[in-house]
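Sequences listed follow chains E and A, in order.
The first sequence begins at 0 in numbering that gives the first Met the number 0 and counts up one residue at a time.
The second sequence begins at 0 in numbering that gives the first Met the number 0 and counts up one residue at a time.
Where a beta carbon is used, it is the ideal one built from N, C-alpha and C, also for glycine.
There are 2 protein chains.
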Amino acid sequence: METSTVDPWHALADPTRRKVFARVAHGQCSVTEIARDLPVSRPAVSQHLRVLLDAQLVDVHQQGRERLYRPRLSGLEGLRRELESYWSQTLTRFKDVAEQTYEPTTPAPEGKTR
Amino acid sequence: METSTVDPWHALADPTRRKVFARVAHGQCSVTEIARDLPVSRPAVSQHLRVLLDAQLVDVHQQGRERLYRPRLSGLEGLRRELESYWSQTLTRFKDVAEQTYEPTTPAPEGKTR
DNA sequence: ATAACGCGTAAGTTACTACTTACGCATCCG
DNA sequence: CGGATGCGTAAGTAGTAACTTACGCGTTAT
Chain E
0 METSTVDPWH
10 ALADPTRRKV
20 FARVAHGQCS
30 VTEIARDLPV
40 SRPAVSQHLR
50 VLLDAQLVDV
60 HQQGRERLYR
70 PRLSGLEGLR
80 RELESYWSQT
90 LTRFKDVAEQ
100 TYEPTTPAPE
110 GKTR
Chain A
0 METSTVDPWH
10 ALADPTRRKV
20 FARVAHGQCS
30 VTEIARDLPV
40 SRPAVSQHLR
50 VLLDAQLVDV
60 HQQGRERLYR
70 PRLSGLEGLR
80 RELESYWSQT
90 LTRFKDVAEQ
100 TYEPTTPAPE
110 GKTR
């Protein structure tokens, strides 16, 4: 049907949506509760939560007439792994540069290029 | 001048741009080199690299008529910290649920919520 | 010098997305 | 039984962003 799984990177890219997620990650809460602390309408929050759901970053369960959202590990796992990979690779590159100092063929990189 | 430090979340949200960054993180390389492995034009790669630069995720230095890009730690740091925070919070919530003792977000009625 | 290479940027197009209001469906309370 | 609360979804809109081609500038090679 629709996109079964949303890229978690994309899901957390939007600042508002990231605030929504941060709120949920901090502790289980309802939609209206989240919307109360944000400068957007409740439906907007609902839509953000949908994206977070599709990205498997949050989980929901009905309780009475409320829908309580809570964070979920699965969506974060891939993100974490990927970021950790970038991190270590960058560390390695950085060490390479530090050890080999620099190539004398290039003029000083600190020179102000206006 | 660049008061506009780009959100690294946003910078890594686009799949193509993430591929560009992954390539750079793997090892220093030039623009044409990156574009060769991707289904987009060279200018597109340049534009992606600009965003990555603004997000402080990559670094560049001129060498002859080439511009060599390499990964940079500073942009990743904030990302990593934030993600780690989400991760640990989610772990905590998860444990709470496992123990069947979830607490309301507001300071609250003492007894078991049941 | 002239050509070829490597690159950034401008300009234009197209697709997506984050938001709004309006609505309908459940669930709790009087 | 209503009326109120909590929520998701539909529909419409304004802004953004990811691409393309065209171009100009500096550097290397012939």
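- Taking the CA atoms as reference points, A43 (chain A) sits about 26 Å from E83 (chain E).
- Residues of chain E whose Cβ lies closer than 9 Å to the Cβ of L72 (chain A) are, in chain order, W86, T89, L90, F93.
- For L78 (chain A), the C-beta contacts it makes with chain E under 8 Å involve L82, in order along the chain.
- Interface annotation, R69 (chain E): in contact with chain A, CB-CB separation under 8 Å.
- With a threshold of 8 Å between beta carbons, H47 (chain A) makes no contact with chain E.
- Contact check for S29 (chain E) against R66 (chain E) passes: the beta carbons are separated by less than 8 Å.
- The beta-carbon of Q55 (chain E) is placed no less than 8 Å from the nearest beta-carbon of chain A.
- The DSSP-derived three-state label of D58 (chain A) is strand.
- Setting aside the 5 residues that flank it on each side, D36 (chain E) has no residue in the same chain whose C-beta is closer than 6 Å to its C-beta.
- Chain-order list of chain E residues neighbouring R64 (chain A): empty, with the shortest C-beta distance near 12 Å, by a criterion of under 8 Å.
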